[in-house]
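Participant:
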Amino acid sequence: MSEPQPSVLIYATPAEYTKGGPWRKEDLLITTRSMSLPNRCIKCNKPANGFSVKKRYLYTPEWTNALVVATFIFWPLLPFVMVIFYVLGKSARLEIGLCTDHRRVRIHGYFFYLPLVLVSLAGILIALIGPASERISSPLALVVCGVAFVVMVAAFIGFVYSTSLLQPQRIDKSHGRFRGACDAYLDELPEFPS
Ligand SMILES: [Zn+2]
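For what it's worth, our numbering labels the leading residue of the sequence shown as 3, then goes sequentially.
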């Protein structure tokens with residue numbers, strides 16, 4: 003005779019909570035198309051103390067990246083590509099919490115790395131085509147350009163790293179899927195009901 007099976011209590015998750023999101027699915031943050039996220043830092047899960055950044059994310063299917071490259075090569079494609087982006091593109095508007103430390107990192111990106119990118123780029127252009135370009139001996143101009151190029155690339159990586167919050171993996175007609183939220187932040191979210 004088999005043992006009586008213990009009864010299982012099923013606790014329903016409050017409908018408003020799972021219905022409204024946000025949710026997690028593995029390492030992805032899942033949101034609706036317009037959402038104010040919990041007021042915790044997306045990078046480290048510390049309290050954001052009321053601070054949030056408003057961001058609009060645009061997503062188009064990956065194959066459209068090839069169109070962007072094609073447009074760089076052949077400019078007359080631009081209107082055609084813009085129409086495709088308009089038709090296929092989906093956007094999501096999010097309010098994202100940030101703690102004091104990560105807010106500082108972001109400000110550093112905009113006020114240190116970005117100007118450094120622009121100054122390096124200006125240095126390269128001035129050395130190559132500016133009024134002094136003819137007076138600079140060419141080996142020296144090459145060294146200046148090489149150093150400026152390395153600084154520009156490093157500063158650009160620093161800028162992207164310090165200012166990017168979430169990276170959209172897909173945005174469809176109802177939800178957005180994003181990479182970039184820390185594990186502790188995702189751990190406090192319900193699983194996406196799929
Ligand atoms: Zn933080």
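We put the beta carbon where it would ideally sit given N, CA and C, even for glycine.
Because the structure is a prediction, the values reported are computed rather than measured.
In whole angstroms, what separates the C-alpha of A156 from that of G111?
Facilitator: For this step, residue 156 is matched to residue 154 along the sequence shown. For this step, residue 111 is matched to residue 109 along the sequence shown. Rounded to whole angstroms, A156 to G111 spans 12 Å at the Cα level.
Participant: Going by CA-CA distance only, name the one from C101, C184, R35 and S54 that's closest to R95.
Facilitator: Position 93 of the sequence shown, counting from 1, holds the residue named residue 95. With distances taken between Cα atoms, R95 lies closest to R35.
Participant: Below 6 Å CB to CB, which residues in the same chain sit around V153 once its five sequence neighbours on both sides are set aside?
Facilitator: On the sequence shown, position 151 is the one that residue 153 refers to. Contacts found: S122.
Participant: Can the beta-carbon of R58 be found less than 8 Å from the beta-carbon of L191?
Facilitator: Position 56 of the sequence shown holds residue 58. Position 189 of the sequence shown holds residue 191. Not closer than 8 Å, so no.
Participant: Return helix, strand or coil for P78, following the three-state DSSP convention.
Facilitator: What you label residue 78 is simply residue 76 of the sequence shown in a count that begins at 1. DSSP places P78 in helix when its eight states are reduced to three.
Participant: Give me the residue from L100, D103, T62 and I98 with the minimum Cα distance to M84.
Facilitator: In the sequence shown, residue 84 corresponds to position 82, counting from 1. Among L100, D103, T62 and I98, the Cα nearest to that of M84 belongs to T62.
Participant: Excluding the 5 residues preceding and the 5 following A183 in the sequence, name in chain order all residues of the same chain whose CB lies nearer than 6 Å to its CB.
Facilitator: Position 181 of the sequence shown, counted from the start, is the residue given in the question as residue 183. If we look at A183 and ignore the five residues flanking it on each side, its Cβ neighbours are L31 and I44.
Participant: Would you list the residues sitting across from L30 in a DSSP beta bridge?
Facilitator: The residue given as residue 30 occupies position 28 in the sequence shown. DSSP lists K27 as partners of L30.
Participant: Go ahead and pull the three-state DSSP assignment for A124.
Facilitator: Against the sequence shown, residue 124 aligns to sequence position 122. Three-state DSSP puts A124 in a helix.
Participant: Starting from K45, follow its DSSP beta bridges and name the residues at the other end.
Facilitator: Counted from its first residue, the sequence shown places residue 45 at position 43. According to DSSP, K45 bridges with nothing at all.
Participant: Please state the DSSP three-state secondary structure of L60.
Facilitator: What you label residue 60 is simply residue 58 of the sequence shown in a count that begins at 1. It is a strand residue.
Participant: Can you give me the Cβ contacts of N41 inside the same chain, cut-off strictly under 6 Å, excluding the 5 residues immediately before and after it?
Facilitator: Here residue 41 corresponds to residue number 39 of the sequence shown, with the count starting at 1. These residues qualify, in order along the chain: A50 and G99.
Participant: Suppose the cutoff is 8 Å on Cβ atoms and the five residues either side in sequence are ignored; what does the same chain contact list for S4 look like?
Facilitator: One-based indexing of the sequence shown puts residue 4 at position 2. At S4 the pLDDT is 45, less than 50, meaning the model places this residue with poor confidence and gives no usable figure here.
Participant: By the 10 Å Cβ neighbour count, where 16 or more other Cβ atoms means buried, how is R179 classified, buried or exposed?
Facilitator: Your numbering for residue 179 matches position 177 in the sequence shown. Buried: at least 16 other Cβ atoms inside 10 Å.
Participant: Should E18 go down as buried or exposed, given a rule of 16 or more other Cβ atoms within 10 Å for buried?
Facilitator: Position 16 of the sequence shown, counting from 1, holds the residue named residue 18. A caution first: E18 carries a pLDDT of 41, below 50, which makes its placement in the model too unreliable to give a value.
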